[in-house]
Structures are given as structure tokens and as C-alpha cells.
Amino acid sequence: MTMAGIASTIPSITYSKPDFNQSSSLKKGNDQKLIWVNLLHLSYNMWEDNVPIKYLDENYQCSTCQEAREWAHPYRSFLTFDDLTWNILLQEMADAGMNMVVIDLGDAVQYESHPEIAVRNAWTKDKLRSEIIKMRTLGLEPIPKLNFATTHDIWMGEYSRMVSTKKYYSVCRDLISEVIEIFGSPRFFHIGMDEETAVYQSRYDYAVIRQNDLWWGDLYFYIGEIEKKGVRAWVWSDYAWYKPELYFRKMPKSVLQSNWYYGTEFDLNKLNESAKTCVKLYNDLEENGFDQIPTGSNHSNDINMEATVDYGNKVIDQSRLYGFMTAPWRPTLAPCLDRHKQAIAQIERAIKNY
Amino acid sequence: MVSTSEYYSVCQDLIQEVIEIFDTPRFFHLGMDEETAQHQQTYNYAIMRQNDLWWDDLHFYVNETEKKGVRSWIWSDYGWRHPELFFKKMPKSVLQSNWYYGSGFDLAQLKEPSNNYVKFYNDLENYGYDQVPTGSNWSNDTNMEDTVDYCKKIIDPTRLLGFMTASWLPTLSTCLDKHLEAINQINRAIKNNY
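As they're listed, the protein sequences go chains S and V. The first sequence begins at 1 in this note's numbering and counts up by one. The second sequence begins at 1001 in this note's numbering and counts up by one.
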């Protein structure tokens, strides 16, 4: 086997930036509608791998959204999702003029290639396909998300303890391929890749962090698997907060960027250092020519989302501003319905004022 | 693949085979030191078992060792960071090697974290663990003999199984002198104390 051949089978050997999709097909057309997208969770197994004593009872009755979030946050071997809440939210989004849903799939689908990943009551492929049709009928473009960051991959079950092994790459390849097939070659595929640091895993039983070239090698692997199917990869951009120079040197332009910041202040002169870094990355991504979907939220306050739209609109050229995303970071459960509705209402106001 | 079914199977095989090669040795050192993010900050692949998982895996290795009639032996530095948990969950059957490579041993003079490292010899003794204190010529040439002096004073002879030097250098000719120095330090400690 040649060196290039070996390198193609071992992602961590890919030290330099590969020649990913640089074609003009990536350029945003003038007639392309601005994206207004909501991130919703089908699976919520994206965080802690251990359950606090308070929530050991699978049938714990959550009375508030905060409680529902805490209950669903640690790993659950069953689906933490409510169909009625989902249906109400899809309709609200359509009514608000939103046009895209990013669905965090995780272990909530009975994948044909890896049925062992699915939790109890996970959706069948047929169910997911019918929901995809429903979304499209409502004018909502369905986009899959599988978060491969090790801080958020407990949904992979035992494979989350095999990161960067041959078996792991094989499983990721299968899942990416199968999800693209289920979604009928979507425009984008969100792969997460956020918060892969020790601090974010300080409470986990099992903490893994890919560093140096290994993080990049694995990122290139996921991107390669997605782009070879004609789909565009989409990531959270927070790696750049810590290593901006490396990021702009090694991140392919073909990858759609979602920087995120959930605070109330956007004046760079008034922000503390860490918040300033987060906000300023919108400017830096623009200066370095990356396509963006800035992401706000009602996670911390009720003004961030609209302020994110104002700020992004000011600092990003329209040719690279693909749209805006709200990420409420709440499970799709009845106690959180109002919170989700508030997030949609914020986007609705932003659309009207746009 | 740490903490996967395949991993446990491999560890089980290796422990069994090594015990067989060594013809059922008295001890089997399992390491288990420095499993923190800080110690892996330059690694490409950093992995830390935390909470009950670290303990479950430790108990797995200990059990695999003990079921063959061999005593397991570990580095004790997990106890620096989680002393209460350590003394609640660490089996007394596991031989302890606390380690400290500095030049001062006066607890009143030492600052944190060195104070914590040296005091752990006392804590292990207070909780009744068997010890093989470990010194080194890694940082200076006085530590090893001072380690022997200190521990001989504070550890009851029934629980003081001996002393270890760890030069932390490869077994290569370029490091021969440094290794010989480490052995000479132990030689002097034996002559002066035993």
C-alpha cells in the first residue's frame, strides 16, 4: 500500500488540509433564501454518561422545563422525546416563517447499519422518513445532525469509548452514509465538533479529548465522508476560540460555520475577554471568508437571538451569510414547550424586522 | 478502547499471561497514576476515567491479579486529589507506592502541593496501608535517602515493606551513569539504615 493509501485509511495521518470541495457550487446564489433554522433534539443523549441520584427513576415526573432538561441531560437508555410537542413546534416554525430544522438524531433512530446504537422507542427509519416528508410539506428543510465531538457522543454507546479506532471510523462511515440516504442527500450535515475539552467533561465517567493533528485528522475524515456524497458539512466553530490561527489555516472553506454566543452584550469594547473572543469570531470568520449561520439562543436570556441577527447582519457580507439558527438547548418534551415557542417567536420577530 | 468489553478481555489475557511468565510473582504493579487532563495536555489522544469508572476498572485489575494469588501494587497519587474517596474505596490488599521527588521533607516548611505529597505517606500509615515509598534521582541526588529517613520514622515496620527508586530513564547506555547513581543512593540508604 502506498503512503497515500495508508493515510486515507488512518485519518490522523492526514496532517495537511485536504483539497475539499472548492467548487463554485458552494457559493450562495442571489436567489437563495436566507435560512431561519431551529435546532431540535430527537435524541438528548449528548452529555453526561452518568445519572444523578435525583433522576435515577426513569419515570420521574418533571414539573418544570428546567427539571425536564436536568432529567433528560444524562444518558438515558430510552427516548426522551414527545411527539405532540414536536408536531406543535413544527407547525409553529412554519407559521413563523422558518424554513429549516436541524435534527439531532443521536441514538434515537434504529439505524440499519448499527441497530445496537438505538435506545428504547427509537424511531424506525420509516418513521423518520415520514417525518422528513412532513417537515418538507410544511416548508421546513430537514437537516441531520450527528455530533461527533467526544463531549457529546455518548449516543454512540460503546463506540464512544473507541474513538479514533478502525472500528470507530467504520461505524461513523456507516452512520453518515445511512443518514444521508434516509434524508435523500440533504443540503447540509451538521457534525457538531464543539466543546471537546477536559473542562466540558469534568463530570463525565469517561472523558476523551482529541488534540493536535488527531482532532483535525478526524474532522477531515467526517468531512470527507460527507462531501463524497455531495453534501456540505456544517460545524460549531468554538474550536477557533482557543486556536484561531490553526483554525483559519486548517479549516476547509467548504465547511459551513456556526459560531455561537448566548450573552446579552455585543459591544466588543464592553465585553470581557472570553465573551469578546466568542463575539469577535463572527467578524474573524467573515474576514477569513467563511460561510456562516450565526447561532443564538434563549438558553440564557430573551434578547440574545434578535441581537445575534442584528450583529451578524452588520458584520457578515450577504454572500456569506447563509442565515441564522436558534438553539434552545431544551429537550423536545411537553414541560419545555413554552420555552421552545419563545425561541420560535424570537426568530419570527427577527424575520419581520429583517 | 479503554473500558470496552474488548479492552477488559485484552487486560485479562495480559495479566494472566504475565503472571504465568513470572511464575506467580509476589506482586504485580498496575500503575494507575497521573490519569488527569493536565498530564495528557500534549497528547493527541487524552482519556480520563473519572468517578466510579476509575474505581470499577481498578477493582477489575486488582481482582484479575488477586484471583491468581498475586498481590496488586499501585502508585498512590490518585489519593492526593481525592483523599476521602481513596481511603473509602481502596482495598487494604493493594500495596501502595506514594512518591515524592523533592528535596524538602519538613511538612511545616513545605508549600502546597508538595506538602500534600509528603503528608500522604503519613495518611497511608494512619489508614493502615502497606507501603513501598518511592524516591528518585529524577530531580536531585538527596531525595532517595531522605525518603528512606522520613518513611522509616513515620511508618510502622509491620507496614513498611521496603523502598523503591525510580530513575524514570530508559535502559540505554547513555543513561547508565544516572542509573548507577540511583543504585548507589539505595546502597548508601541500606548501609546507613539497615
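The beta-carbon is built from N, C-alpha and C at its ideal position, and this holds for glycine as well.
Going by CA-CA distance only, name the one from the options that's closest to residue i.
i	options	result
T80/S	P328/S, Y60/S, F221/S and Q91/S	Y60/S
D107/S	K145/S, N99/S, L89/S and L138/S	K145/S
Q1185/V	N1137/V, T1174/V, L1161/V and P1157/V	N1137/V
D153/S	R249/S, N301/S and I191/S	I191/S
S1003/V	Y206/S, L34/S, L84/S and I143/S	Y206/S
G29/S	Y322/S, L337/S and K352/S	Y322/S
G1079/V	D1141/V, I1047/V, P1113/V and G1104/V	P1113/V
K243/S	N212/S, E227/S and Y220/S	N212/S
H340/S	I223/S, P328/S and Y247/S	P328/S
G224/S	L140/S, F189/S, R203/S and D338/S	F189/S
F1087/V	T1042/V, V1118/V and W1055/V	W1055/V
L175/S	D194/S, Y111/S, P142/S and T124/S	Y111/S
N1044/V	W216/S, P115/S and S185/S	W216/S
W1075/V	C1011/V, V1132/V, Q1050/V and P1025/V	V1132/V
W86/S	S185/S, D338/S and R187/S	D338/S
W123/S	E306/S, S43/S, R76/S and G184/S	S43/S
D57/S	P294/S, K276/S, E306/S and R76/S	R76/S
L1161/V	E1125/V, K1119/V, M1048/V and D1023/V	E1125/V
Excluding the 5 residues preceding and the 5 following residue i in the sequence, name in chain order all residues of the same chain whose CB lies nearer than 8 Å to its CB.
i	result
H1179/V	S1167, L1169 and T1171
R210/S	T150, V163, S164, E196 and D218
N1193/V	V1148, D1149 and K1152
L26/S	R232, K253, S254 and D291
N304/S	Y261, Y262, G263, T264, G296, S297 and N298
E1066/V	S1072 and S1093
P372/S	In the structure as shown, chain S starts at 1 and stops at 354, and residue 372/S therefore has no counterpart that could be examined.
Q201/S	T150, T151, A207, V208 and I209
R1081/V	T1036
A94/S	L138, G139 and L140
Q1016/V	E1064 and K1068
P1195/V	Nothing can be reported for residue 1195/V, as the shown portion of chain V is limited to 1001 through 1194.
Taking the Cβ atom as the reference point for each residue, do residue i and residue j lie within a distance shorter than 7 Å?
i	j	result
D1077/V	D1123/V	no
D104/S	H41/S	yes
W155/S	N45/S	yes
N1098/V	Y1121/V	yes
Q325/S	V37/S	Correcting the residue type first, residue 325/S is Met in the shown sequence and not Gln. A contact, by the Cβ cut-off of 7 Å.
I1154/V	V1070/V	no
D1130/V	L1095/V	yes
E178/S	S113/S	yes
W236/S	S258/S	yes
I347/S	M98/S	yes
E131/S	I344/S	no
L128/S	V109/S	yes
Y220/S	F148/S	no
I117/S	G157/S	yes
T1134/V	S1103/V	no
I180/S	K250/S	no
N288/S	F248/S	yes
L268/S	W234/S	no
E245/S	F20/S	no
With a threshold of 6 Å on Cβ separation, who are the neighbours of residue i within its own chain once the five nearest residues in sequence on each side are excluded?
i	result
D126/S	none
A1182/V	N1137, T1165 and S1167
Y311/S	F266
Y1061/V	L1030
V309/S	F324 and A350
Among residues of its own chain, excluding the 5 on either side of residue i, which ones have a beta-carbon nearer than 7 Å to its beta-carbon?
i	result
V315/S	Y282, N283 and E286
T9/S	With a pLDDT of only 43 at T9/S, under the threshold of 50, the placement of this residue in the model should not be trusted, and no figure is reported.
D68/S	For clarity, residue 68/S is Ala in the given sequence; the question names Asp instead. Cβ within range, chain order: C62, P331, L333, P335 and C336.
Y1008/V	F1060
K352/S	none
Since residue i sits in a beta bridge, which residues does DSSP pair it with?
i	result
F1027/V	R1071/V
N38/S	V101/S and T326/S
G1135/V	T1165/V
T295/S	W260/S and M325/S
M251/S	M251/S is not bridged to any residue.
Shorter than 6 Å, the distance from the beta carbon of residue i to the closest heavy atom of the ligand NAD, or not?
i	result
T1147/V	Inclusion of the ligand NAD in the displayed structure is not the case, the ligand content being empty and no account of it being possible.
Going along chain S, which residues have a C-beta under 9 Å from residue i?
i	result
A1037/V	T197, A198, V199, Q201, S202, A207 and I209
L1085/V	Ordered by position in chain S, no residue passes the 9 Å Cβ test against L1085/V, which lies about 14 Å from the chain.
Determine the chain V residues that contact residue i at a beta-carbon separation under 9 Å, and present them in chain order.
i	result
N45/S	None at all; the shortest Cβ gap to chain V is about 17 Å.
N218/S	Note that residue 218/S corresponds to Asp in the displayed sequence, not to Asn. In chain order: nothing, as chain V lies at least about 10 Å away.
E48/S	Residues of chain V passing the Cβ test: none, with the nearest at roughly 10 Å.
If the cut is a Cβ gap below 7 Å, which residues of chain S does residue i touch?
i	result
Y1045/V	S164, R210 and L214
L1058/V	Near L1058/V there are no residues of chain S at all, since even the closest Cβ is about 13 Å away, more than 7 Å.
V1002/V	R161
Q1050/V	Y204, D205 and A207
For a contact defined as C-beta to C-beta under 8 Å, what are the partners of residue i on chain V?
i	result
D158/S	Note that residue 158/S is Glu in the sequence shown, not Asp. Residues of chain V passing the Cβ test: T1004 and S1005.
Can you pull the chain S residues whose beta carbon is under 8 Å from the beta carbon of residue i, in chain order?
i	result
L1053/V	D205 and Y206
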